[in-house]
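Comments concern the structure below.
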Amino acid sequence: MADFLLRCVQCGREYEGTAGVRLRCDRELSGEHGPALLRAQYERRQINVRTNLPGIFKFVDWLPTGPYYLKSQFGPTVVYTPVAREEEGVGMACGAYLAGRRPAIVMQNSGFGNSVNAILSLLNYYRVPVVFVVSHRGSDGESIEAQRMMGAVVLDLLKVIGVERLNIVEPKMLALIPPAVEQAYSANRSLAILLPFSFWMDRN
Ligand SMILES: [Zn+2]
């Protein structure tokens, strides 16, 4: 996979492309200069179209996101597949488990509303463990009022549908994730790791 830098078109400052999600220059955020584009500078000068990858990921050499980002964080064994809806992801994760993989789905908590039937009648019935990495919309910092409704009931909903919950509310709780994931896979029970809305915001 190609490497890339993000370069501020205003001041020229460069940021490592793999350091995390970054949308704005630090000097814009501190008021040293006005709004400025961060332009991706790719190591590869030419796109190698990857016909074995789905959709837009065929052009991953020039995408500063997606499987490249995940692979850079977790190593080359991670397979990342975008889906249209959460319950589609449940079906694909089930297939991945049956093929010997350890599936995880990244989504926001509203996706559980869409996935209840698939979780109950597929994952729970056949005891297929899937780890859900979930942004807890409606938690502190939420700006969209309508998100609060699902956010308020999602922990109860998970309990009702028999999905283990790990509700991360402070950074030191992140250490609880690896043992909880191991427990989920070994006990054949799905696990939802809820991360507060503030965790996903641009901390700058
Ligand atoms: Zn700048």
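Mind the numbering: the sequence shown is residues -5 to 198 in our numbering, read in order. Heads up, the beta-carbon is just placed ideally off N, CA and C, and yes, glycines get one too. Given the structure is predicted, the values throughout are model-derived calculations rather than measurements.
query                                                                                                  : result
Residue from Gly145, Ala90, Pro123 with nearest C-alpha to Asn103                                      : Gly145
Those residues, in chain order, that have a beta-carbon closer than 6 Å to some heavy atom of ligand 1 : Cys2, Gln4, Cys5, Arg7, Cys19, Arg21, Glu22, His27, Ala30
Asn182, DSSP secondary structure in three states                                                       : coil
Beta-carbon proximity check, Ala87 vs Pro97, cutoff 8 Å                                                : yes
Whole-angstrom distance between Glu80 and Asn108, CA atom to CA atom                                   : 7 Å
Residues near Asn198 in its chain [Cβ-Cβ closer than 6 Å; skip 5 each side]                            : Per-residue confidence for Asn198 stands at a pLDDT of 44, beneath the threshold of 50, marking its modelled position as unreliable; the derived number appears in the next sentence. The residues are Leu23.
Sub-8 Å separation of Arg16 and Leu0 beta-carbons                                                      : yes
For Ala34, three-class secondary structure by DSSP                                                     : strand
Between the CA atoms of Gly156 and Leu117 - distance to the nearest angstrom                           : 10 Å
Straight-line Cα distance separating Arg121 from His27                                                 : 54 Å
Glu8 (DSSP reduced to helix, strand or coil)                                                           : strand
Residue burial classification, Met143 (beta-carbon count within 10 angstroms, cutoff 16)               : exposed
Three-state class that DSSP yields for Leu152 in the structure shown                                   : helix
Cβ pair Ser192, Gly135 closer than 8 Å                                                                 : yes
CA-to-CA distance, Leu170 to Leu149, given in whole angstroms                                          : 17 Å
Between the CA atoms of Leu92 and Gly60 - distance to the nearest angstrom                             : Below a pLDDT of 50, predicted positions are generally treated as unreliable, and Gly60, at 46, falls in that range; the measurement from the model is reported next regardless. Rounded to whole angstroms, Gly60 to Leu92 spans 24 Å at the Cα level.
DSSP-derived helix/strand/coil call for Pro97                                                          : coil
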